[in-house]
Each structure stands twice: as C-alpha cells, then as structure tokens.
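Chains D and X, in that order, are what the protein sequence lines are.
683 is the number that the working numbering gives the last residue of the first sequence; the numbers go up by one with no jumps.
98 is the number that the working numbering gives the last residue of the second sequence; the numbers go up by one with no jumps.
Beneath this line is the structure, given in structure tokens, with notes to follow.
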Amino acid sequence: MEYVDYYKVLGVDKSASTDDIKKAYRKLARKYHPDVNPNNKEAHKKFQEINEANEVLSDAENRKKYDQYGKDWKHAEEFEKARQQHGQRTYSGGGGEEYFGEGGQGDFSDFFESLFGGSGGRSGRRETKFRGQDYQAELHLKLREAYTTHQQTLTVDGKNIRITIPAGVENGQKIRLKGHGAPGVNGGPNGDLYITFIIEDDLRFKRLGNDLYTNAEVDLYTAILGGETTVETISGKLKLKVPAGTQNDTKTRVKGKGFPVYKKEGEFGDLYIIYKIKVPTQLSERERELFTELSKLR
Amino acid sequence: MNEQQLIPAQEFCLHHQVEIEFIYSLREYGLIRVINNEGNEYLSSEELNELEKIIRLHYDLNVNMEGIDVVLNLLRQLEDTQHEMNELRNQLRFYK
Numbered sequence: 386m387e388y389v390d391y392y393k394v395l396g397v398d399k400s401a402s403t404d405d406i407k408k409a410y411r412k413l414a415r416k417y418h419p420d421v422n423p424n425n426k427e428a429h430k431k432f433q434e435i436n437e438a439n440e441v442l443s444d445a446e447n448r449k450k451y452d453q454y455g456k457d458w459k460h461a462e463e464f465e466k467a468r469q470q471h472g473q474r475t476y477s478g479g480g481g482e483e484y485f486g487e488g489g490q491g492d493f494s495d496f497f498e499s500l501f502g503g504s505g506g507r508s509g510r511r512e513t514k515f516r517g518q519d520y521q522a523e524l525h526l527k528l529r530e531a532y533t534t535h536q537q538t539l540t541v542d543g544k545n546i547r548i549t550i551p552a553g554v555e556n557g558q559k560i561r562l563k564g565h566g567a568p569g570v571n572g573g574p575n576g577d578l579y580i581t582f583i584i585e586d587d588l589r590f591k592r593l594g595n596d597l598y599t600n601a602e603v604d605l606y607t608a609i610l611g612g613e614t615t616v617e618t619i620s621g622k623l624k625l626k627v628p629a630g631t632q633n634d635t636k637t638r639v640k641g642k643g644f645p646v647y648k649k650e651g652e653f654g655d656l657y658i659i660y661k662i663k664v665p666t667q668l669s670e671r672e673r674e675l676f677t678e679l680s681k682l683r
Numbered sequence: 003m004n005e006q007q008l009i010p011a012q013e014f015c016l017h018h019q020v021e022i023e024f025i026y027s028l029r030e031y032g033l034i035r036v037i038n039n040e041g042n043e044y045l046s047s048e049e050l051n052e053l054e055k056i057i058r059l060h061y062d063l064n065v066n067m068e069g070i071d072v073v074l075n076l077l078r079q080l081e082d083t084q085h086e087m088n089e090l091r092n093q094l095r096f097y098k
C-alpha cells in the first residue's frame with residue numbers, strides 16, 4: 386500500500402484553503418468526470434483519485450486526521466480502533482452521497498480504506514439516489530463464432546447472465562446490458578454492463594465490413610485451360626468455375642457468401658476469392674520437354 | 003422490444019431529488035422531451051440515461067444549461083469519431 390499525497394493529487398499546497406481545494410477539485414472533476422470521458426479508463430482512474438483526495442481534504446476533520454496521520458497510516462488504523470472503543474468514531478462506510486453514476490467513485494484506494502475505514506462517510510451536498518457504476522468487459526470471439534447468432538453465459542459479480550450475440554457483430558462493437566452493472570447507491574438503479582466484442586483474426590478469412598476475403602489455390606492447368614475448383618467458404622464448400630486464362634490474383638465475387646449483416650436477418654455481405662495460381666515445381670524430364678516445346682510455340 | 007416506456011416526470015424527480023422546474027428548463031433548451039398524456043407529464047425511458055447524465059453534469063460539475071448542450075453535442079461527436087476510428091482500425095487490420 387502506498388502513501389497517497391492528496392495535496393499533490395489536487396495540485397494544491399499544504400496550506401491551501403478549503404476554497405482553494407474546492408476550486409481545484411471542481412476543475413479536475415470537470416476534466417476527468419467519466420461522463421465527459423467515455424471509454425477512457427485512464428480518466429476514470431484519475432477521477433477516482435481526485436474524488437478520494439477531495440473526500441479527505443474538503444472535510445476539516447478528515448483533513449486534520451490525514452495531516453496528522455497521513456504519512457503513518459498504519460498508526461492511524463490503531464488510532465481509529467482506539468477511537469472506536471471510545472465511541473467517538475464519526476466515519477462509517479456506505480453512507481456516501483456524492484456518488485457519480487458512471488466510472489466508479491466507489492473504489493477507494495487501500496490507503497484511504499486503511500485511514501478512514503471504508504469509502505463513503507462524507508458531509509456532502511445532497512442525499513441523492515444514484516445509479517451504480519457501469520462495468521466494462523471484453524468478450525473475445527473467433528470470427529467463426531461471430532458468424533452465427535449464439536448464446537453465451539457470462540459471469541458478472543458471481544451471477545450468470547445469458548446473452549445472445551447477434552451474428553455479424555463488429556470487432557470493437559459495444560453492447561449495453563441494462564442493470565447489470567454495480568448496484569445503485571441510496572436505492573438508485575443499478576449501473577449497466579458494457580461489453581466490447583473483440584473479434585480475433587481468422588487464418589483463412591479476412592473481414593472487411595460485411596465482406597469476406599479468402600485465397601484459393603488454382604493449379605496452373607486449370608488457370609490456363611479453365612475448369613472447376615472447390616473453394617471453402619465460411620459456411621461450407623463451394624464449387625466454382627475457373628475461366629480459361631485466369632491470372633494470378635484474379636478476384637472473383639460470390640454474392641451473399643460473406644458475413645451476415647448485423648441485426649438484419651438473411652442479409653449477407655459478399656465473399657471475394659483471390660486466385661493464387663500454383664506453378665508446378667520439381668518437373669520431370671518429360672514435363673520439362675513439353676514446357677520447352679510449348680514455350681517455343683509462343 | 004422497441005416499445006417506448008414512459009416514466010412519470012414527477013416520479014423521476016422524486017427519485018432523483020430534482021425539481022420539476024429543472025426538467026422544464028431542460029425541455030426549454032431542447033435537451034429532453036416531455037411527453038404529455040391526458041394532462042400528465044412523462045419522460046421516455048429511452049432518454050433516461052441521457053437525463054441522468056445531464057443531472058450529473060449539472061449537479062456534480064455545476065455545468066449550466068448552455069454548457070450541457072455544448073457538452074452533449076461534443077460527446078455525440080466524440081462517439082461518432084470513436085465509432086469511425088473503430089471502423090478504420092478494422093479496415094487497417096485487413097491490410098496487415
């Protein structure tokens with residue numbers, strides 16, 4: 386556990402007045418408040434720090450205790466115990482009012498907990514019901530998993546949540562599960578759970594929007610003379626006609642064989658197949674003779 | 003699933019301990035909709051998140067109505083930009 390210099394966190398001098406502290410806190414809160422910093426974990430963390438600093442320094446009694454015992458928090462704990470025994474303890478956990486909905490002010494540092502015994506006790510502005518903190522989670526999916534609508538069970542705070550992941554979900558896409566975040570404060574509603582989908586790369590298929598791209602090997606003779614080849618799509622095998630004279634890297638489009646369009650059932654992107662022509666190596670004597678003969682015809 | 007749920011404005015105010023006048027001024031500034039039905043005022047459940055955010059901006063950060071309007075507009079722009087950046091990142095991944 387590290388000693389936290391709350392004065393430094395708020396950027397004020399040790400001799401700062403209550404007003405200076407309030408001003409410094411307000412300024413930093415406007416900058417780092419989770420509502421104005423969506424999806425910014427760093428800002429959320431910083432916001433917790435400044436809240437904690439404000440919690441301590443804006444209250445005369447808290448500040449006195451911090452100034453007195455701050456650097457020696459372990460002794461402060463003993464001090465607290467002694468105070469408790471004398472029935473003079475004024476701080477108790479869980480009574481916090483100024484609870485910001487998103488971004489979690491609820492988590493105070495270990496340092497704070499050891500010094501003030503649990504988060505919360507504060508002589509604040511208004512006793513408001515606030516919705517709980519939002520949770521952020523990542524869910525990794527294979528490309529093939531994102532191809533079909535499927536259900537998955539997640540465990541959040543020891544509770545199982547069954548979610549349906551619609552086919553065609555994008556990499557980095559976020560969904561919100563209402564009410565599955567942290568419990569509300571003072572009877573406020575629960576926060577939400579945000580899940581970001583991370584779609585892993587697939588070896589065979591590359592995805593661009595709703596379209597898929599894949600390479601298919603074609604032997605030299607089929608490329609020259611034309612013929613048929615079997616290509617693996619994400620939903621099964623497909624027989625394709627290869628026109629005579631197909632060049633390397635020729636791109637052919639198969640309509641509707643790409644990725645499903647998110648929340649549009651039955652709609653699919655396209656599949657692009659890039660032909661890679663395989664030139665035979667290790668030719669036999671006879672083959673070499675024939676190729677030489679062919680080359681002379683040109 | 004797209005059915006809109008209506009929440010009595012009075013109940014919302016009681017729950018969040020804000021004055022109904024606050025809701026009216028938000029309406030004045032075009033920040034939220036207040037739905038009138040048979041003489042009663044309702045808020046749309048779809049707007050609750052935004053409304054709670056507005057309350058936090060106003061009461062926790064002391065942002066006034068004009069400021070809230072600016073913040074919300076900028077946040078929307080930020081969200082669009084983040085979305086666009088995500089799409090571009092995915093496109094870049096394709097070429098890697």
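No residue lacks a Cβ here, since even glycine has one placed at the ideal position from N, Cα and C.
Alpha carbon of residue i to alpha carbon of residue j, nearest angstrom
{"i": "Glu613(D)", "j": "Lys636(D)", "result": "15 angstroms"}
{"i": "Phe676(D)", "j": "Lys648(D)", "result": "54 angstroms"}
{"i": "Gly396(D)", "j": "Phe644(D)", "result": "52 angstroms"}
{"i": "Arg511(D)", "j": "Gln84(X)", "result": "Interpretation of Arg511(D) is limited by its pLDDT of 44, a score under 50 that renders its predicted location unreliable; the figure taken from the coordinates is listed afterwards. Distance between the alpha carbons of Arg511(D) and Gln84(X): 35 angstroms."}
{"i": "Lys426(D)", "j": "Tyr97(X)", "result": "28 angstroms"}
{"i": "Val541(D)", "j": "Lys559(D)", "result": "17 angstroms"}
{"i": "Glu678(D)", "j": "Arg671(D)", "result": "11 angstroms"}
{"i": "Gln12(X)", "j": "Asp420(D)", "result": "25 angstroms"}
{"i": "Lys591(D)", "j": "Thr666(D)", "result": "29 angstroms"}
{"i": "Lys407(D)", "j": "Glu530(D)", "result": "51 angstroms"}
{"i": "Glu387(D)", "j": "Lys449(D)", "result": "19 angstroms"}
{"i": "Leu562(D)", "j": "Ile435(D)", "result": "28 angstroms"}
{"i": "Leu656(D)", "j": "Lys624(D)", "result": "13 angstroms"}
{"i": "Lys399(D)", "j": "Glu48(X)", "result": "46 angstroms"}
{"i": "Tyr391(D)", "j": "Gln521(D)", "result": "27 angstroms"}
{"i": "Glu68(X)", "j": "Asn88(X)", "result": "30 angstroms"}
{"i": "Tyr26(X)", "j": "Tyr61(X)", "result": "16 angstroms"}
{"i": "Thr403(D)", "j": "Leu442(D)", "result": "8 angstroms"}
{"i": "Ala401(D)", "j": "Glu498(D)", "result": "24 angstroms"}
{"i": "Gly90(X)", "j": "Phe24(X)", "result": "Residue 90(X) is actually Leu in this sequence, not Gly. Their backbone Cα atoms lie some 40 angstroms apart in a straight line."}
CB contact flag (residue i, residue j, <8 angstroms)
{"i": "Leu45(X)", "j": "Ile9(X)", "result": "yes"}
{"i": "Ala608(D)", "j": "Thr581(D)", "result": "no"}
{"i": "Ala601(D)", "j": "Lys642(D)", "result": "no"}
{"i": "Ala567(D)", "j": "Gly573(D)", "result": "no"}
{"i": "Glu437(D)", "j": "Asn447(D)", "result": "no"}
{"i": "Ile548(D)", "j": "Gln536(D)", "result": "yes"}
{"i": "Val389(D)", "j": "Phe496(D)", "result": "yes"}
{"i": "Ile658(D)", "j": "Asp634(D)", "result": "no"}
{"i": "Glu555(D)", "j": "Asn51(X)", "result": "no"}
{"i": "Val664(D)", "j": "Phe653(D)", "result": "no"}
{"i": "Ile619(D)", "j": "Leu597(D)", "result": "yes"}
{"i": "Lys626(D)", "j": "Thr615(D)", "result": "no"}
{"i": "Asp71(X)", "j": "Leu33(X)", "result": "yes"}
{"i": "Leu80(X)", "j": "Pro423(D)", "result": "yes"}
Minimum Cβ-Cβ distance from residue i to chain D less than 8 angstroms
{"i": "Arg78(X)", "result": "no"}
{"i": "Phe96(X)", "result": "yes"}
{"i": "Leu59(X)", "result": "yes"}
{"i": "Arg91(X)", "result": "yes"}
{"i": "Leu33(X)", "result": "no"}
{"i": "Val73(X)", "result": "yes"}
{"i": "Glu81(X)", "result": "yes"}
{"i": "Asn64(X)", "result": "yes"}
Residue from the options whose Cα sits closest to the Cα of residue i
{"i": "Ala739(D)", "options": "Asn595(D), Asn439(D), Arg415(D), Ser402(D)", "result": "Because chain D is modelled from 386 through 683, residue 739(D) falls outside the range shown and cannot be assessed."}
{"i": "Pro628(D)", "options": "Lys622(D), Ser620(D), Glu650(D), Asp604(D)", "result": "Asp604(D)"}
{"i": "Leu539(D)", "options": "Leu528(D), Leu578(D), Ala552(D)", "result": "Leu578(D)"}
{"i": "Phe493(D)", "options": "Lys431(D), Thr534(D), Lys681(D)", "result": "Lys431(D)"}
{"i": "Val20(X)", "options": "Leu94(X), Asp71(X), Glu54(X)", "result": "Glu54(X)"}
{"i": "His565(D)", "options": "Ile584(D), Gln518(D), Thr599(D), Leu597(D)", "result": "Gln518(D)"}
{"i": "Leu528(D)", "options": "Ile584(D), Pro551(D), Glu498(D)", "result": "Ile584(D)"}
{"i": "Lys412(D)", "options": "Glu68(X), Asn75(X), Met67(X), Leu63(X)", "result": "Leu63(X)"}
{"i": "Ile99(X)", "options": "Arg78(X), Leu80(X), Leu74(X)", "result": "With chain X represented from 3 up to 98, any question about residue 99(X) goes unanswered, as that position is not in the structure."}
{"i": "Ala552(D)", "options": "Glu617(D), Leu593(D), Gly651(D), Lys663(D)", "result": "Gly651(D)"}
{"i": "Arg638(D)", "options": "Arg673(D), Ser669(D), Leu668(D), Thr599(D)", "result": "Thr599(D)"}
{"i": "Gly594(D)", "options": "Ser680(D), Gly557(D), Arg683(D)", "result": "Gly557(D)"}
{"i": "Asp405(D)", "options": "His418(D), Gln433(D), Asp444(D)", "result": "Asp444(D)"}
Chain X within 8 angstroms of residue i, Cβ atoms only
{"i": "Lys591(D)", "result": "yes"}
{"i": "Asp655(D)", "result": "no"}
{"i": "Asp587(D)", "result": "no"}
{"i": "Ala414(D)", "result": "yes"}
**Prompt:** Taking a cut of 8 angstroms between CB atoms, which residues from the stretch 549-563 of chain D lie near chain X?
**Reply:** Glu555, Asn556, Gly557, Gln558
**Prompt:** Quick one, which residues of the stretch 35-51 of chain X are near chain D if we go by CB-CB under 7 angstroms, in chain order?
**Reply:** none
**Prompt:** According to a CB-to-CB cut-off of less than 9 angstroms, which residues of the stretch 5-21 of chain X neighbour chain D?
**Reply:** His17, His18, Gln19, Val20
**Asked** For the stretch 397-427 of chain D, which residues have a CB atom closer than 8 angstroms to at least one CB atom of chain X, in sequence order?
**Response** Arg411, Ala414, Arg415, His418, Asp420, Val421, Pro423, Asn424
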